[in-house]
Ligand SMILES: [Zn+2]
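Residue numbers (our numbering): 1496 to 1899.
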């Protein structure tokens, strides 16, 4: 076996040599985005791209997921690499030559790059089966953008796809323009937030705007609840275990001289621990129902459960950082000082097995990470020069886990 540093250099060189194929696949996927859990065209493209490799492929029953298993030369544990498949309901305005050809849909979160990098890593790993003691599982999931695609795959037995060796470690990369191109950014512990959606319907008694005492007006009560929620966050939530509560949608009334019967509020709750999550959801309900009751109204509270907190295993996160530094140079590997308050359904996988999610910087060189259009923007452009770094990191994480 060659020294680790030279084999790592060789891996990156191989990823770079294969960059044209990675970019070609990425662009084909970018042109034909699909949204949600049923992505037949995307699935067909992924299956075709993996089809030439010595990988056992299965497809989901409830969704268009793809699971690939690459068996190494010797037995050993099973390591999972995740890429997501779905696009967003955004009209693309980038003007790229390979821009979306589907009206109202765009790979604005870069999941096209994730699939392309995962396929690139599969090619590198297939060529290096002799170095693998164990199995690599390629998890290609639809429905990351709020559809719980990972949960469906787990329910279908994703972690037991190799029955004699259940998945015991997992890694995912997410591309972002928030960082300089080709950098790897990771942190131990919480890396992305839990996101829960809530709805509050206030019900009072409508009437004439000139005689509020004959009504139960939901409009000032809605305003009071919005402010009471912010007071709740600052007075009830430990700043070192934070919560964000945002009311993003308020609707009530129809005319200047009518007191409406109902008012509607909805918003999001972002938290970084299971404890804070449960506590804050309960507190939002308590504030809404009790403020309403104080004014002789009722509040109907509904929580739409979102993704749990994405928690990186500390040892794996450290390993990602060290591997990125070896692979790409110390400058290219950074510890994120704080988590992102977005949410990610790879959290479901990390609840079950130790692993990590890292971020691959892909800010175009002519833009600044602070001001470049970000993920989910109609204008976001990911620098494709970052892709070989991601391909090599995916592959190296598996090679290390299955080194024997
Ligand atoms: Zn995403």
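Beta carbons: idealized from backbone N, C-alpha and C, even for Gly.
Kindly indicate the opening and closing residues of the alpha helix (DSSP H) around residue i.
i: residue 1842; result: 1841 to 1847
i: residue 1541; result: 1535 to 1546
i: residue 1719; result: 1713 to 1731
i: residue 1620; result: 1606 to 1622
i: residue 1639; result: No alpha helix (DSSP H) holds residue 1639; DSSP gives it neither H nor E.
i: residue 1882; result: 1882 to 1896
i: residue 1524; result: 1514 to 1526
i: residue 1709; result: Here residue 1709 belongs to no alpha helix (DSSP H), and DSSP marks it neither H nor E.
i: residue 1815; result: 1809 to 1823
Using 8 Å for Cβ pairs, my map puts residue i next to residue j. What's the rounded Cβ distance?
i: residue 1917; j: residue 1633; result: With the chain covering 1496 to 1899 only, the question about residue 1917 has no answer from this structure.
i: residue 1794; j: residue 1697; result: 5 Å
i: residue 1768; j: residue 1791; result: Not confirmed; about 36 Å, so no contact.
i: residue 1570; j: residue 1628; result: 7 Å
i: residue 1668; j: residue 1855; result: 5 Å
i: residue 1893; j: residue 1679; result: Going by Cβ atoms, the distance from residue 1893 to residue 1679 rounds to 16 Å, so no, they are not a contact pair.
i: residue 1539; j: residue 1614; result: So it is not a contact: roughly 13 Å between Cβ atoms.
i: residue 1878; j: residue 1676; result: 4 Å
i: residue 1711; j: residue 1700; result: 4 Å
i: residue 1815; j: residue 1789; result: Contact doesn't hold; Cβ gap of about 50 Å is too wide.
Which same chain residues, not among the five before or five after residue i, have their C-beta less than 8 Å away from its C-beta?
i: residue 1813; result: 1683
i: residue 1749; result: 1755
i: residue 1776; result: 1691, 1693, 1764, 1798
i: residue 1533; result: 1558, 1559, 1637
i: residue 1620; result: 1565, 1627, 1631, 1890, 1893, 1894
i: residue 1832; result: 1682
Whole angstroms are fine: how far does the CA of residue j sit from the CA of residue i?
i: residue 1531; j: residue 1839; result: 14 Å
i: residue 1576; j: residue 1752; result: 59 Å
i: residue 1830; j: residue 1821; result: 15 Å
i: residue 1734; j: residue 1771; result: 11 Å
i: residue 1743; j: residue 1658; result: 45 Å
i: residue 1714; j: residue 1784; result: 15 Å
i: residue 1762; j: residue 1692; result: 6 Å
i: residue 1837; j: residue 1709; result: 44 Å
i: residue 1778; j: residue 1727; result: 8 Å
i: residue 1511; j: residue 1885; result: 10 Å
i: residue 1643; j: residue 1505; result: 37 Å
i: residue 1589; j: residue 1873; result: 7 Å
i: residue 1618; j: residue 1555; result: 22 Å
i: residue 1601; j: residue 1522; result: 12 Å
i: residue 1740; j: residue 1732; result: 11 Å
i: residue 1625; j: residue 1647; result: 33 Å
i: residue 1706; j: residue 1773; result: 41 Å
i: residue 1537; j: residue 1638; result: 12 Å
i: residue 1835; j: residue 1725; result: 20 Å
i: residue 1604; j: residue 1515; result: 21 Å
i: residue 1804; j: residue 1842; result: 6 Å
i: residue 1499; j: residue 1826; result: The pLDDT assigned to residue 1499 is 48, lower than 50, so where the model puts this residue is not dependable, and the model offers no usable value.
i: residue 1587; j: residue 1861; result: 20 Å
i: residue 1645; j: residue 1880; result: 28 Å
Please go through the same chain and pick out, in chain order, the residues whose beta-carbon is closer than 7 Å to the beta-carbon of residue i, but skip the five residues on each side of it.
i: residue 1719; result: 1786
i: residue 1573; result: 1629, 1630, 1632, 1657, 1660, 1661, 1662, 1663
i: residue 1690; result: 1763, 1765, 1801, 1802, 1838
i: residue 1503; result: 1821, 1822, 1891
i: residue 1608; result: 1521, 1670, 1877, 1882
i: residue 1674; result: 1680, 1854, 1856, 1858, 1864
Leaving aside the five residues before and after residue i along the sequence, list all residues of the same chain whose C-beta is less than 6 Å from its C-beta, in chain order.
i: residue 1597; result: 1528
i: residue 1665; result: 1575, 1844, 1848, 1850
i: residue 1694; result: 1761, 1797
i: residue 1702; result: 1709, 1710, 1754
i: residue 1508; result: none
i: residue 1868; result: 1874, 1875
i: residue 1782; result: 1723, 1724, 1727
i: residue 1780; result: 1796
Just to confirm the assignment, what range does the beta strand (DSSP E) spanning residue i have?
i: residue 1668; result: 1662 to 1675
i: residue 1552; result: 1551 to 1554
i: residue 1691; result: 1689 to 1698
i: residue 1780; result: Careful: residue 1780 lies outside any beta strand (DSSP E), inside the alpha helix (DSSP H) at 1769 to 1789.
i: residue 1836; result: No beta strand (DSSP E) holds residue 1836; DSSP gives it neither H nor E.
i: residue 1558; result: That residue, residue 1558, is in no beta strand (DSSP E); it is neither H nor E in DSSP.
Among the options, which has the Cα closest to the Cα of residue i?
i: residue 1599; options: 1689, 1865, 1871, 1899; result: 1871
i: residue 1899; options: 1721, 1700, 1717, 1568; result: 1568
i: residue 1811; options: 1586, 1645, 1681; result: 1681
i: residue 1649; options: 1641, 1640, 1636; result: 1636
i: residue 1686; options: 1809, 1865, 1723; result: 1809
i: residue 1641; options: 1579, 1673, 1864; result: 1579
i: residue 1806; options: 1828, 1846, 1817, 1832; result: 1846
i: residue 1759; options: 1672, 1729, 1738, 1721; result: 1721
i: residue 1717; options: 1729, 1745, 1535; result: 1745
i: residue 1581; options: 1541, 1622, 1866, 1889; result: 1541
i: residue 1513; options: 1896, 1895, 1897, 1887; result: 1887
i: residue 1595; options: 1526, 1552, 1547; result: 1526
i: residue 1897; options: 1651, 1623, 1524, 1672; result: 1623
Should residue i be flagged as near chain D, meaning a C-beta pair shorter than 8 Å?
i: residue 1538; result: Chain labels in this structure do not include chain D; a single protein chain is all it has.
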